[in-house]
Amino acid sequence: MRATAEDQRRLLELQKLDTRLARLSHERKTLPVLAELTGLQVRARDVETDRIRVVTRLTDLRRDLVRVEDDVERIRQRTARYQARMDAPGASAKDVQAVQQEMALLAARASALEDQELEQMEAVEALEAELGAIEERARVLAEEISERAAVRDGEYHRLDEEAARVRAQRDELAAGLPADLVALYDEVRGRTGGLGAVALHGSRTEGVGIELPLTELDEIRATPADVVVTSEEHGYILVRMA
Numbered sequence: 016m017r018a019t020a021e022d023q024r025r026l027l028e029l030q031k032l033d034t035r036l037a038r039l040s041h042e043r044k045t046l047p048v049l050a051e052l053t054g055l056q057v058r059a060r061d062v063e064t065d066r067i068r069v070v071t072r073l074t075d076l077r078r079d080l081v082r083v084e085d086d087v088e089r090i091r092q093r094t095a096r097y098q099a100r101m102d103a104p105g106a107s108a109k110d111v112q113a114v115q116q117e118m119a120l121l122a123a124r125a126s127a128l129e130d131q132e133l134e135q136m137e138a139v140e141a142l143e144a145e146l147g148a149i150e151e152r153a154r155v156l157a158e159e160i161s162e163r164a165a166v167r168d169g170e171y172h173r174l175d176e177e178a179a180r181v182r183a184q185r186d187e188l189a190a191g192l193p194a195d196l197v198a199l200y201d202e203v204r205g206r207t208g209g210l211g212a213v214a215l216h217g218s219r220t221e222g223v224g225i226e227l228p229l230t231e232l233d234e235i236r237a238t239p240a241d242v243v244v245t246s247e248e249h250g251y252i253l254v255r256m257a
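Quick look at the structure:
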């Protein structure tokens with residue numbers, strides 16, 4: 016492929032812009048705030064897991080508490096009915112004795128249920144306090160996530176603006192170069208992972224530390240300046256600077 020020495024040197028400018036774009040892309044993906052956000056989001060998920068656990072347990076306890084309260088109320092109503100039977104005129108001694116025995120059993124059952132009710136109420140209060148603390152942690156984490164997300168978005172905006180500016184410069188520069196030269200450069204960049212052209216100062220390459228064999232250097236020196244040459248081993252376009 017042939018291209019003027021000037022166009023070949025302009026590939027180095029194109030390479031600088033592409034390298035800058037790659038660095039901006041890497042910086043966008045590795046912003047410190049992204050790791051901070053990930054850590055906060057992991058903590059938020061853990062807190063949500065705790066919240067679900069406590070809410071589930073609290074729901075179960077409240078349901079059990081309602082059941083116990085209903086049992087206590089039913090015993091009170093039965094006790095009231097038995098008391099009314101005892102107080103009714105004409106109740107026989109045998110009936111009174113039977114009712115008293117039944118009421119004693121109900122009283123014992125009511126006492127046990129009331130103790131259970133008290134324990135469950137205390138457990139509910141403890142879980143409600145725990146839930147409140149968890150929800151406060153969730154609120155604080157949500158605020159921190161929102162704040163760090165705003166920082167991330169600000170960094171994204173800054174980097175995207177700079178990338179757009181560099182990309183516009185790149186597009187303008189590429190448009191002024193021969194299409195086949197740019198196509199070769201892009202093909203090389205695709206194969207090498209981003210590096211398409213390197214400067215060759217005599218026998219020394221700039222920035223990549225490639226050492227060319229003497230036989231290859233002799234071939235390059237013998238090649239006309241308007242012929243595009245590439246590294247035999249690495250495939251980079253070698254832009255001769257002198």
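Counting in my numbering, the sequence shown runs from 16 upward without gaps.
Where is the CB? At the ideal position from N, CA and C, for every residue including glycine.
| Check | Outcome |
| --- | --- |
| DSSP three-state label for H249, please. | coil |
| With a threshold of 8 Å on Cβ separation, who are the neighbours of Q184 within its own chain once the five nearest residues in sequence on each side are excluded? | L32 |
| Just to confirm my understanding: we take G217, look at its own chain, exclude 5 residues before and 5 after, and list those with CB closer than 7 Å. What are they? | A257 |
| Mind checking who A212 pairs with in its DSSP beta bridge? | I252 |
| Let me check you understand the geometry: is the CB of R96 closer than 7 Å to at least one non-hydrogen atom of the ligand NAD? | With respect to the ligand NAD, the structure shown offers nothing to examine, as it has no ligands at all. |
| To the nearest angstrom, how far is it from the Cα of G147 to the Cα of R173? | 39 Å |
| Pair every Cβ in the stretch 41 to 60 with every Cβ in the stretch 147 to 157, then say whether three or more of these pairs are closer than 8 Å. | yes |
| Cβ atoms of Y200 and L29: under 8 Å apart, would you say? | yes |
| What does a CB cutoff of less than 7 Å around R93 pick up in its chain, not counting 5 residues either side in sequence? | L121 |
| So if DSSP puts R206 in a beta bridge, which residue, or which two residues, is it bridged to? | Beta-bridge pairing links R206 to no other residue. |
| Hey, would you say L27 sits closer than 8 Å to V254, going by beta carbons? | yes |
| Restricting to Cα atoms, I'd like to know which of D86, Q98, V166, A144 is closest to E129. | D86 |
| Run through the DSSP bridge pairs and tell me what E226 is partnered with. | R219 |
| At which residues does the alpha helix (DSSP H) containing L29 begin and terminate? | 20 to 44 |
| For D22, I'd like the list of residues in its chain whose CB is within less than 8 Å of its CB, leaving aside the five on either flank, ordered along the chain. | L192, P193, L196 |
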